[in-house]
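Participant: Just so you know, the working numbering puts 1107 at position 192 of the sequence shown, and the rest follows in order with no gaps. Heads up, the beta-carbon is just placed ideally off N, CA and C, and yes, glycines get one too. Given the structure is predicted, the values throughout are model-derived calculations rather than measurements.
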Amino acid sequence: MEFLVPFRHPWALLGLLLPAALLIWIWSGRGQRLFLPFDHGHATRGRVLSSLLRSAESLPALTLILVVILLAGPQRWDEPQAKKVLTNIEFCVDVSGSMTAPFGPGNRYDASMVAINDFLNFREGDAFGLTFFGNSVLHWVPLTTDVSAFRCAPPFMRPGNIPSWFGGTEIGKALQACRKVLTSREEGDRMIILISDGFSSDLNGNRGDEIVRDLIADNVTVYGVHVAGGSIPAPIVDITSKTGGAVFSPGDVEGLAYVFQRIDEMQETRIEKTSSEAIDDYGPWTLAAMALLAGTLLASFGLRYNPW
C-alpha cells in the first residue's frame, strides 16, 4: 500500500488497465498485413520497421497512462519543516495601591506596562495573556498572538481606577488563576511573569509549597519582577527557582527593561521538526504527458501504417 500513498485518488489508478490492454494488443498482434505480388523476389520481414511502427502506435497508450496518473492526483512527500514551539506567556500584574509609588518618570504600574509592551517585541509569534490582581483577580486579555489589546490596557487598570476590593496583594491566588488559564491551552510551553512590589500573606505556611507542586505538575515556569526596594520576599524566590524560573529586582526603569530582556534570553525558543506532508506533484507528470503527446503528433506525419 505504500505505492498508493503518493496519490490523492488512488482508486483512479484502476484506469491503467485500459492502456495496459492497448499495449498488449499492439505488441502481441501481427500488425496490419498488405499482400503484394513479387515475381521471383523475396520480401524482407521488416523487423526494424515493424518495431518502429509498434513504438509509434504505443505513444497514445503511454500518453493515456500519464493522463490516468494525473487524474489520480500525484503527490510527493515534502521536506520536514522547522517549526517554532509556541510559548504561552501570562503576565500577572499587581494593581494594589502600592503600585502607584514613584518609579522613574512615572510610577511602578506605568513602568511595568511599558516594559511589558517592549517585551512583546522580543517574543514575536508567542501567545500572551494579561491578568491583573490585588485581593481579586481579573483576566484582562485572554491568551492571544494579537498583542494590540496590550497597547490599550494601561489606562483602564491603573491602581487609582480600580475598585476597593483590588487594594490588597494575594499572589498565591493570582498564580493559581494564571495556571488555570495556561492549562486551558494544550499546545506550547507555559510561562508566568509575575510583576509585584509587595509581600503576599496567602503564601505563608505550606501554601507556597502547594502552589509550587501545582505549577510543576502543569509544566508552568514562573519568572518574577520585584519592582520595589528592599529584599525580595522569600516565598517568591522559592516559587520561581523551583519552577525553573528566576526573580529580579530592578532598581530603575533601565534595569526593568534589562530584566525583561534577560527573561527572554533565559526562556529560549524551542524549534521542532514537523512531520513531512504529502503535497501535489503534477509538474513532472504533466511535462512527460506533453512530450508523449508531441511525439504522437510527430509520428502521425509518417511513422504509421498507410490507411489503405
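Aspartate 1009 and isoleucine 1110 - do their beta-carbons sit closer together than 9 Å?
Facilitator: As a position in the sequence shown, residue 1110 is number 195, starting the count at 1. As a position in the sequence shown, residue 1009 is number 94, starting the count at 1. Yes, the Cβ-Cβ distance between isoleucine 1110 and aspartate 1009 is below 9 Å.
Participant: Which of helix, strand or coil does DSSP assign to leucine 1001?
Facilitator: The residue labelled residue 1001 in the question sits at position 86 within the sequence shown. Looking at leucine 1001 - three-state DSSP - the assignment turns out to be coil, as it is neither helix nor strand.
Participant: Rank Trp926, Phe1018 and Pro989 by C-alpha distance to the C-alpha of glycine 1170 and give the top, closest one.
Facilitator: Start at 1 with the first residue of the sequence shown, and residue 1170 comes out as number 255. Minimum Cα distance to glycine 1170 is reached at Phe1018.
Participant: Can you tell me which of Cys1093, Phe1163, Thr1155 and Val1052 puts its alpha carbon nearest to the alpha carbon of proline 1078?
Facilitator: Looking up residue 1078 in the sequence shown gives position 163. Looking at the Cα atoms, Val1052 is the closest of the given residues.
Participant: Where do the N-terminal and C-terminal ends of the alpha helix (DSSP H) with arginine 962 fall, by residue?
Facilitator: By 1-based counting over the sequence shown, the position of residue 962 is 47. Unbroken alpha helix (DSSP H) run through arginine 962: 962-986.
Participant: At what residues does the alpha helix (DSSP H) containing methionine 1072 begin and finish?
Facilitator: Residue 1072 sits at position 157 when you count from the first residue of the sequence shown. Note, methionine 1072: premise wrong, no alpha helix (DSSP H); not H, not E.
Participant: Out of curiosity, what's the CA-to-CA distance linking phenylalanine 1048 and serine 1011?
Facilitator: Working through the sequence shown from its first residue, we reach residue 1048 at position 133. Working through the sequence shown from its first residue, we reach residue 1011 at position 96. Cα to Cα, phenylalanine 1048 sits roughly 8 Å from serine 1011.
Participant: Would you mind giving the Cβ-Cβ distance between leucine 1090 and valine 1140, rounded to the nearest angstrom? I have them listed as a contact below 8 Å.
Facilitator: Here residue 1090 is taken as the residue at index 175 of the sequence shown, counted from 1. Here residue 1140 is taken as the residue at index 225 of the sequence shown, counted from 1. Wrong, their Cβ atoms sit about 14 Å apart, outside the cutoff.
Participant: Taking threonine 1158 as the reference, give the member of Asn1076, Ala1172, Ala1132 and Tyr1173 with the closest Cα.
Facilitator: The count along the sequence shown starts at 1 and reaches residue 1158 at position 243. That would be Ala1132, whose Cα lies nearest to the Cα of threonine 1158.
Participant: Using beta-carbon positions only, say whether isoleucine 1151 and valine 1162 come within less than 9 Å of one another.
Facilitator: Residue numbering aside, residue 1151 sits at position 236 when the sequence shown is read from its first letter. Residue numbering aside, residue 1162 sits at position 247 when the sequence shown is read from its first letter. For isoleucine 1151 and valine 1162, yes; Cβs fall inside 9 Å.
Participant: Classify methionine 1106: buried if its beta carbon has 16 or more other beta carbons within 10 angstroms, exposed otherwise.
Facilitator: Indexing the sequence shown from 1 puts residue 1106 at position 191. Buried.
Participant: Return the CA-CA distance between glycine 1021 and arginine 1094, expressed in angstroms with no decimal places.
Facilitator: In the sequence shown, the residue the question calls residue 1021 occupies position 106. In the sequence shown, the residue the question calls residue 1094 occupies position 179. Each residue's Cα considered, the two are about 30 Å apart.
Participant: Between the beta-carbon of aspartate 1196 and the beta-carbon of proline 989, is there less than 9 Å?
Facilitator: As a first step, residue 1196 is located in the sequence shown; it is residue number 281 there, counting from the start. As a first step, residue 989 is located in the sequence shown; it is residue number 74 there, counting from the start. Contact: yes.
Participant: Please classify asparagine 1022: does DSSP put it in a helix, a strand, or coil?
Facilitator: By one-based count along the sequence shown, residue 1022 stands at place 107. Of the three classes helix, strand and coil, the one that applies to asparagine 1022 here is strand, per DSSP.
Participant: In whole angstroms, what is the alpha-carbon distance linking serine 970 and glutamate 1102?
Facilitator: The residue labelled residue 970 in the question sits at position 55 within the sequence shown. The residue labelled residue 1102 in the question sits at position 187 within the sequence shown. Near 58 Å, if we compare the C-alpha coordinates of glutamate 1102 and serine 970.
Participant: Would you call the segment 971-988 in contact with the segment 1022-1038, where contact means no fewer than 3 C-beta pairs closer than 8 Å?
Facilitator: no
Participant: For threonine 1060, which residues in the same chain have their Cβ closer than 6 Å to its Cβ, ignoring the five residues on either side in sequence?
Facilitator: Along the sequence shown, one-based indexing puts residue 1060 at 145. Within the same chain, threonine 1060 has close Cβ partners Ala1042.
Participant: DSSP has leucine 1212 in a bridge; who is on the other side?
Facilitator: Counted from its first residue, the sequence shown places residue 1212 at position 297. None; leucine 1212 has no bridge partner.
Participant: Pick out whichever of Ser1013, Ile1004, Phe922 and Ile980 has its Cα sitting closest to the Cα of alanine 936.
Facilitator: Within the sequence shown, the letter at position 21 stands for residue 936. Taking only the C-alpha atoms, the option nearest alanine 936 is Ile980.
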